[in-house]
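Here is the structure we will look at.
Residue numbers (my numbering): 17 to 95.
Here is the structure:
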């Protein structure tokens, strides 16, 4: 359980020595969930989302930009 808490960037997790685990821990993946959920809700609320390849790829790109890239970057700078 402590390893999962550590990778998600939650408080009370033990330290790490692996550079990739440290980077992921600093990005705090647990903070990405509301942003990704917001993209899904916004796409559904728009009324113009269709399960076509272009719409799905645009949604996935937006989820990637809002979660790991935007929130992960700001969390890393914050810490």
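Glycine residues also receive a C-beta, built at the ideal position from the N, C-alpha and C atoms. Predicted model, so just to flag it, every value in this text is computed and none were measured.
Range covered by the alpha helix (DSSP H) that runs through residue 41: 35-43
Residue 67 to residue 58 span [Cα, whole Å]: Residue 67 and residue 58: Cα-Cα distance of roughly 15 Å.
Among 63, 94, 54 and 91, the one whose alpha carbon lies nearest that of residue 76: 54
Through-space distance from residue 48 to residue 20, alpha-carbon basis: 15 Å
Span of the alpha helix (DSSP H) around residue 46: Residue 46 -> no alpha helix (DSSP H), and no H or E assigned at all.
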